[in-house]
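Structure (structure tokens):
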């Protein structure tokens, strides 16, 4: 049985000026799972991810119709601060983007500004967040060093720890492994699987094998539309839509 | 857009077809040996079995390399897994043809026994089923594959008839028991060949539609 939706796009249209980037998307992201969004460049998958935590608001001349619901409640309702939303729905980007601060401060920053913890409880929260991404043992003796001294894969795990520290519910990952080597990619993928015990993950990826490996559900987008959504195991062995078949077998184009 | 991968798939299909043509010829020769009493067919059948065995290994190797290098998805993935299973079925069909030829070899050393009852008809049906199942594979023809599955029941009926007739014959003519047993074995081999052709047809249906019809699962699931 499909778990109940955590995030839901309803009749979602999104425009950059007059260009329609998303055309009537209806998608329910099941709670406690990994949902992959795949599709060719320009299909709207990263736009959809950004709309899920209102990152689109920082871009000029865009407009949106339809709605996105987080546990049944609109994230576009008046009066909901984007910072409140982004605490619940966090994003990991293609390139690791740690703050030019120490390892400790990177993770402590969010809880501190949200007033979640301080003193010993903040230190515990930082440790737990670094433990959750298996980074703790690697950095516990150099927490005051610059985060920029870490390896790219460690930096990416640090960015995930930074999100976890504010106790989110949904993690949006935009090509999180595209700047990493295969071994580092595998580590992040293993981590993603572990995180589904507590979080709902949505990953945008160009790497179909990655989508097939890590996700439980896959959405295939094409030209701003949701062409197909279903269980990953079925979509990659027996897609219903011939357009999905063309894309995943490399006959597209 | 033609993919580099398509060349590998094309070569795989060609090798499977060639293997099927060998298996089919082996059935034909084995049954000819029985029907026209030509003992020299046995060596032909044995020689071809060697070649079938080599191709069996070669095709599995091709499939593994295609999977490793191209990480196929959807229809491509179903095609390669079907090819691996068809490969196995063809090798077993060839083994059954060898069994027929060997049994016939013993049979021909005894005085002539007439008639051969249902066996020529069974042989004809089984051979056609093998050919049609491979045609269905190449043409991705689901209707032809389904017709192969249906014909399996016909072969089973012939086998039961042959068994019953030969049992009656054995009780009446105890001196012919050995030869009648040979014919029972041969009808069993032909029935197995038809079963393998049916497996191939079922794999073709899965390959094309992504729908598993083995063991009548579609009826049980109410689809």
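Chains as they are written, first to last, in the working numbering: chain A, 342 to 594; chain B, 5 to 227.
Even glycine gets a Cβ: it sits at the ideal position worked out from N, Cα and C.
Between residue 12(B) and chain A, is any beta-carbon pair separated by less than 8 Å? no
Alpha carbon of residue 226(B) to alpha carbon of residue 217(B), nearest angstrom: Confidence at residue 226(B) is low in this model, with a pLDDT of 48, below 50, so its placement is unreliable and no value can be given for it.
Does the Cβ of residue 404(A) have 16 or more other Cβ atoms within 10 Å, making it buried, or fewer, making it exposed? exposed
Are the beta-carbon atoms of residue 10(B) and residue 90(B) separated by less than 8 Å? no
Within the continuous beta strand (DSSP E) that includes residue 562(A), where are the two ends? 558-563
Straight-line gap, residue 124(B) to residue 59(B) (C-alpha atoms, nearest Å): 29 Å
Would you say the segment 90-100 of chain B touches the segment 110-120 of chain B, given that touching needs at least three Cβ pairs under 8 Å? no
Note down the Cα distance separating residue 571(A) from residue 371(A), rounded to an integer number of angstroms. 11 Å
Compare the C-beta of residue 216(B) with all C-beta atoms of chain A and state if any pair is closer than 8 Å. no
Beta strand (DSSP E) segment containing residue 367(A), residue limits: 360-371
What beta strand (DSSP E) runs, 3 residues minimum, are completely inside the segment 518-548 of chain A? 541-545
Taking the alpha-carbon positions, what's the residue 525(A) to residue 518(A) distance? 8 Å
What's the C-alpha gap between residue 566(A) and residue 463(A)? 43 Å
I want to know whether the segment 465-481 of chain A touches the segment 424-433 of chain A - three or more CB-CB distances under 8 Å. no
Is it the case that the Cβ atoms of residue 198(B) and residue 149(B) are separated by a distance below 8 Å? no
Contacting residues, own chain, Cβ-Cβ under 6 Å from residue 492(A) (five flanking each side not counted): none
is_contact[residue 562(A), chain B] using C-beta, thresh 8 Å: no
Going by the DSSP bridge assignment, what does residue 350(A) pair with across the sheet? 368(A), 409(A)
Please confirm if the segment 444-453 of chain A is in contact with the segment 498-506 of chain A, defined as three or more CB-CB distances below 8 Å between the two stretches. yes
Hey, quick one: how far does the beta strand (DSSP E) through residue 432(A) stretch, first residue to last? 430-433
Chain-ordered neighbours of residue 550(A) on chain B, where CB pairs are closer than 7 Å: 75
Can you tell me the Cα-Cα spacing of residue 375(A) and residue 402(A), whole angstroms? 32 Å
CB contact check: residue 586(A) to chain B, cutoff 8 Å: yes
Can we say the segment 580-590 of chain A touches the segment 105-118 of chain B, given the rule of at least three CB pairs closer than 8 Å? no
Does DSSP put residue 23(B) in a helix, in a strand, or in coil? helix
Would you please verify whether the beta carbon of residue 227(B) is less than 8 Å from any beta carbon of chain A? Summary for residue 227(B): the model assigns pLDDT 43, below 50, so the residue's position carries little reliability; its value from the coordinates is reported in the next sentence. For residue 227(B), the answer is no, since every Cβ of chain A falls outside 8 Å of its Cβ.
Residue 48(B): first and last residue of the uninterrupted beta strand (DSSP E) it sits in: Careful: residue 48(B) lies outside any beta strand (DSSP E), inside the alpha helix (DSSP H) at 45-74.
Could you have a look at residue 357(A) and say whether DSSP puts it in helix, strand or coil? strand
Short check: CB of residue 441(A) to CB of residue 484(A), under 8 Å? no
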